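What follows is one structure encoded as structure tokens, with my remarks underneath.
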Amino acid sequence: MVISGEYFGWNYGWAVAGTLGFIVATLLVTVFYVAFIFSYTELTTSMPDAGGPFTYASRAFGPTGGFVAGFATLVDFLMAPPAIAAALGAYAHFLHPSIPALWVSVGAYVVFIAINILGIKESANFSVVVTVLSVAELLVFMGLVAPAYKTENLLAHNNGIDMAGVFAALPFAMWFYIAIEGVAMVAEEVRDPRRTIPRGYLLSIGTLVVLALGTMVLSAGVGDWRQLTKIDYPLPETLAMVLGRESVWSRLFAGLGLFGLIASFHCNTLGYSRQIYAMARNGYLPRPLAEVNNRFRTPHYALIAGGAVGLLALFSGTTDKIIILSVLGAVVMYITSLLSLFVLRRREPELDRPFRAPLYPYLPGLALGLAVLCLIAIVYFNPLLTFLFVGLLAISYGLFVWVRPRVLSSTTPS
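Using numbering that gives the first Met the number 0, the first residue of the sequence shown is number 0, and each one after it goes up by one.
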């Protein structure tokens with residue numbers, strides 16, 4: 000779900016903060032995600048439900064809280080795939096300039112929606128293979144560029160650390176880790192979730208910290224990092240700076256780099272479909288979106304509807320803005336989840352909690368404080384995207400209030 004964040008998107012942070020400011024932003028975000036995952040795992044293991052944050056907030060705050068959390072999660076997971084699809088097209092175009100990037104992106108939607116419709120077991124097996132290849136490739140990348148690393152390149156073209164730039168760069172630093180929370184959305188479909196989900200979360204965050212910091216620092220130190228600030232294929236371009244554009248390694252990496260993007264695109268497609276399905280099942284979205292394919296037992300209408308929304312975003316052609324919108328949804332969801340943790344600890348102390356957040360309430364409090372800080376920064380530096388987010392939330396909530404009583408009175412949730 001997350002691995003594509005190491006392959007593209009984060010480099011836009013250099014454009015607003017420079018390399019030094021972006022390192023500060025990344026370290027701040029890394030502390031947040033470590034604290035958040037240790038807190039969030041308590042919710043996931045105590046309530047293993049496909050709704051994830053929507054389920055937690057509904058239990059803590061009722062239908063309105065559930066709706067806000069569900070809407071934010073949908074924005075997070077519906078906006079991540081078009082950004083990843085755009086990068087898929089860019090990587091393919093880097094390999095073969097005659098290939099139109101946009102149509103590669105559209106083709107990715109068609110292919111991976113079809114794969115997800117075929118079934119969760121097939122999807123999971125596919126994901127494991129491409130994710131292992133993606134992680135191995137990032138380790139090879141770091142090994143290839145490390146000999147060319149020079150600290151003076153990392154420090155060059157910076158005018159100190161500007162805190163305004165640090166805050167503006169937070170969404171792109173979060174892109175390193177965005178969607179790790181999506182594990183919660185397949186909690187109903189894994190064996191022994193109370194044991195395996197904590198293991199998966201903690202190993203994942205540890206792996207991502209190493210890959211994120213290693214990829215970012217080494218890429219900044221091999222040449223003029225300013226050449227990488229506005230493209231969707233920074234890692235092949237970094238290798239081209241080190242080894243030459245016609246190097247076998249450069250072109251091989253661009254080809255293999257597709258695995259990382261494919262892994263995240265595929266798993267985020269899985270994540271948004273389960274969120275749509277769970278919300279529709281509980282009357283928060285039109286009931287047909289909760290229908291399951293008779294043969295493959297997958298939510299086919301949810302997959303198709305989410306794909307249609309993603310394609311609309313894809314055709315806007317603004318990868319950095321799509322990333323910021325996805326992160327904005329994620330941060331709102333993080334805040335509602337952490338607030339749910341505090342409320343449920345107080346209201347339901349008897350709830351079975353196979354994993355308890357360590358250092359409670361201090362560690363969850365740290366995560367909540369950093370999440371609020373990130374939200375303030377994103378809102379301040381992106382007023383138009385915030386207006387779009389709030390406007391869509393208000394319209395959706397109005398429809399929810401109007402339609403839900405009719406849905407609940409005419410059908411019984413399964």
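Idealized CB from N, CA, C, for every residue including glycine. Fair warning: this is a prediction, and the values are worked out from it, not measured in the lab.
- [ ] Check each candidate in Ile177, His92, Met141 and Val189 and name the one with the smallest Cα separation from Val221.
- [x] Counting from 1 along the sequence shown, the entry for residue 221 is found at position 222. For the residues Ile177, His92, Met141 and Val189, the minimum Cα distance to Val221 belongs to Met141.
Open item on the list: Let me confirm a value: Met240 is counted as buried when at least 16 other C-beta atoms fall within 10 Å, else exposed. Which label applies?
Closed with: The residue labelled residue 240 in the question sits at position 241 within the sequence shown. By the 10 Å Cβ count, Met240 comes out buried.
Task: Through-space distance from Glu290 to Ser413, alpha-carbon basis - done: In the sequence shown, counting from the first residue as 1, residue 413 sits at position 414. In the sequence shown, counting from the first residue as 1, residue 290 sits at position 291. Because Ser413 carries a pLDDT of 44, less than 50, the predicted location of this residue cannot be relied on, and the following value inherits that uncertainty. Their backbone Cα atoms lie some 10 Å apart in a straight line.
Open item on the list: Considering Cα atoms alone, identify which of Phe7, Ala16 and Pro47 is closest to Thr195.
Closed with: Taking the sequence shown and counting its residues from 1, one reaches residue 195 at position 196. Residue nearest to Thr195 within the set Phe7, Ala16 and Pro47 is Pro47 (criterion: CA-CA distance).
Task: Straight-line gap, Leu374 to Met162 (C-alpha atoms, nearest Å) - done: Along the sequence shown, one-based indexing puts residue 374 at 375. Along the sequence shown, one-based indexing puts residue 162 at 163. Computed Cα separation, rounded: 15 Å.
Task: Endpoints, alpha helix (DSSP H) assigned at Lys320 - done: Taking the first residue of the sequence shown as position 1, residue 320 is located at position 321. Under the DSSP assignment, Lys320 falls in the alpha helix (DSSP H) whose first and last residues are Thr318 to Arg346.
- [ ] Give every residue of the same chain whose Cβ lies closer than 8 Å to the Cβ of Val438, excluding the five residues on either side of it in the sequence, and list them in chain order.
- [x] The question about residue 438 has no answer here: the residues shown for the chain are numbered 0 through 413.
Open item on the list: Measuring only the C-alpha atoms, how far is Thr237 from Phe295?
Closed with: Along the sequence shown, read from residue 1 onward, the residue named residue 237 stands at position 238. Along the sequence shown, read from residue 1 onward, the residue named residue 295 stands at position 296. Taking the straight line joining both Cα atoms gives about 42 Å.
TODO: For Val28, count neighbouring C-beta atoms within 10 Å of its own C-beta (all shown protein chains included) and say buried if the count is 16 or more, exposed if not.
DONE: Here residue 28 refers to the residue found at position 29 of the sequence shown. Under this definition Val28 is a buried residue.
Task: Best match in Leu234, His265 and Pro285 for proximity to Arg250 [C-alpha to C-alpha] - done: Counted from its first residue, the sequence shown places residue 250 at position 251. The closest CA to that of Arg250, considering only Leu234, His265 and Pro285, is found on Leu234.
Task: Which of helix, strand or coil DSSP assigns to Pro412 - done: Along the sequence shown, one-based indexing puts residue 412 at 413. Low confidence applies here, because Pro412 scores a pLDDT of 46, under 50, leaving its location unreliable and the question unanswered by this model.
Task: Under the three-state DSSP convention, the category Val23 falls into - done: Within the sequence shown, residue 23 is the residue found at index 24, counting from 1. Of the three classes helix, strand and coil, the one that applies to Val23 here is helix, per DSSP.
- [ ] State whether the stretch 150-162 contacts the stretch 274-290, with contact taken as three or more CB pairs (one from each stretch) at a distance under 8 Å.
- [x] Result no; under three Cβ-Cβ pairs closer than 8 Å.
TODO: Check whether the stretch 29-46 touches the stretch 311-318, counting contact only when three or more Cβ pairs, one atom from each stretch, lie closer than 8 Å.
DONE: Flag = no, the stretch 29-46 and the stretch 311-318 do not touch.
Open item on the list: For Ser246 and Met78, which I take to be in contact (beta-carbon distance under 8 Å), what is that distance rounded to the nearest angstrom?
Closed with: As a working mapping, residue 246 is identified with position 247 in the sequence shown. As a working mapping, residue 78 is identified with position 79 in the sequence shown. Ser246 to Met78, Cβ: 34 Å. No contact.
Task: Asp231 burial status per 10 Å Cβ neighbour count (16 or more: buried) - done: On the sequence shown, position 232 is the one that residue 231 refers to. When all chains shown are included, Asp231 counts as buried.
TODO: Could you tell me the distance, in whole angstroms, from the CA atom of Cys266 to the CA atom of Ile83?
DONE: Counted from its first residue, the sequence shown places residue 266 at position 267. Counted from its first residue, the sequence shown places residue 83 at position 84. Straight-line measurement puts the Cα of Ile83 at about 11 Å from the Cα of Cys266.
Task: Own chain partners of Asn292 with C-beta closer than 6 Å, once the 5 adjacent residues on each side are dropped - done: Residue mapping note: residue 292 aligns to position 293 of the sequence shown, counting from 1. So the qualifying residues of the chain are His299.
Task: CB-CB length for Val384 against Ile323, believed under 8 Å - done: Here residue 384 refers to the residue found at position 385 of the sequence shown. Here residue 323 refers to the residue found at position 324 of the sequence shown. Here residue 384 turns out to be Leu, not Val, going by the sequence shown. Yes, Leu384 and Ile323 are in contact; Cβ-Cβ is about 6 Å, under 8 Å.
Open item on the list: Using a Cβ-Cβ cutoff of less than 6 Å, which residues in the same chain neighbour Phe175 once the five nearest sequence positions on both sides are dropped?
Closed with: The residue given as residue 175 occupies position 176 in the sequence shown. Closer than 6 Å at Cβ, skipping near neighbours: Gly4, Trp9 and Ala211.
- [ ] May I have a chain-ordered list of the beta strand (DSSP E) segments no shorter than 3 residues that lie completely inside the stretch 149-174?
- [x] List check, beta strand (DSSP E) in window: nothing returned.
Open item on the list: Here's the rule I'm using: 16 or more other beta-carbon atoms within 10 Å means buried, otherwise exposed. How should Glu347 be labelled?
Closed with: Position 348 of the sequence shown, counting from 1, holds the residue named residue 347. Flag for Glu347 reads exposed.
Open item on the list: Taking the alpha carbon of Asn115 as the reference point, which residue from Arg244, Val378 and Ile261 has its own alpha carbon closest?
Closed with: Counting from one through the sequence shown, the residue named residue 115 turns up at place 116. Nearest C-alpha to Asn115: Ile261.
TODO: Would you identify the three-state DSSP class for Tyr271, choosing helix, strand or coil?
DONE: Here residue 271 corresponds to residue number 272 of the sequence shown, with the count starting at 1. Tyr271 falls in the helix class under three-state DSSP.
TODO: Below 8 Å on the Cβ atoms is my guess for Leu350 versus Leu358; work out the distance and round it to an integer in Å.
DONE: Counting from 1 along the sequence shown, the entry for residue 350 is found at position 351. Counting from 1 along the sequence shown, the entry for residue 358 is found at position 359. Between Leu358 and Leu350 the Cβ distance is about 19 Å, and since that is not below 8 Å, they are no contact.
Open item on the list: Three Cβ pairs or more, each shorter than 8 Å: is that satisfied between the stretch 37-45 and the stretch 330-343?
Closed with: Contact check between the stretch 37-45 and the stretch 330-343: three or more CB pairs, one atom from each, fall below 8 Å, which counts as touching.
TODO: Starting from Gly64, follow the alpha helix (DSSP H) in both directions and report where the run begins and ends.
DONE: Within the sequence shown, numbered from 1, the residue matching residue 64 stands at position 65. In the DSSP assignment, Gly64 falls within the unbroken alpha helix (DSSP H) covering Pro52 to Leu94.
Task: Cβ-Cβ separation, Tyr283 to Gly69 (assumed contact under 8 Å), whole Å - done: The count along the sequence shown starts at 1 and reaches residue 69 at position 70. The count along the sequence shown starts at 1 and reaches residue 283 at position 284. About 6 Å; that satisfies the 8 Å criterion.
- [ ] Grab me the residues of Gly164's own chain with a C-beta within less than 6 Å of its C-beta, minus the 5 sequence neighbours each way, in chain order.
- [x] Locating residue 164 in the sequence shown gives position 165, counting from the first residue. Once the five neighbours on either side are set aside, the close Cβ partners of Gly164 are Val15, Ala16 and Gly20.
Open item on the list: Rounding to the nearest angstrom, what Cα-Cα distance links Tyr55 and Met332 in this structure?
Closed with: Reading the sequence shown from its first residue, position 56 is the one you call residue 55. Reading the sequence shown from its first residue, position 333 is the one you call residue 332. In this model, Tyr55 and Met332 are separated by some 11 Å (Cα to Cα).
TODO: Grab me the residues of Phe166's own chain with a C-beta within less than 6 Å of its C-beta, minus the 5 sequence neighbours each way, in chain order.
DONE: Walking along the sequence shown from the start, residue 166 turns up at place 167. The answer, listed in chain order, is Ala376.
Task: Buried or exposed (CB count within 10 angstroms, at least 16 for buried), Pro170 - done: Residue 170 sits at position 171 when you count from the first residue of the sequence shown. With at least 16 other beta carbons inside 10 angstroms of its own, Pro170 counts as buried.
Open item on the list: Going by C-alpha to C-alpha distance, which of Leu367, Ala356 and Gly309 sits closest to Val330?
Closed with: Within the sequence shown, the letter at position 331 stands for residue 330. Nearest Cα to Val330 within the set Leu367, Ala356 and Gly309: Leu367.
Open item on the list: Can you list, in chain order, the residues of its chain with a C-beta nearer than 6 Å to that of Leu328? Leave out the 5 residues immediately preceding and following it.
Closed with: Counting from 1 along the sequence shown, the entry for residue 328 is found at position 329. Reading off the sequence shown, one finds Gly at residue 328, where the question assumed Leu. Taking Gly328 as the centre and dropping the five residues before and after it, the same chain places the C-beta of Ala71, Val74 and Asp75 closer than 6 Å to its C-beta, in chain order.
Task: Local Cβ density within 10 Å of Ala219, reported as buried at 16 or more and exposed below that - done: Mapped onto the sequence shown, residue 219 falls at position 220. Burial of Ala219 is indicated by the presence of at least 16 other C-beta atoms within 10 angstroms of its C-beta.
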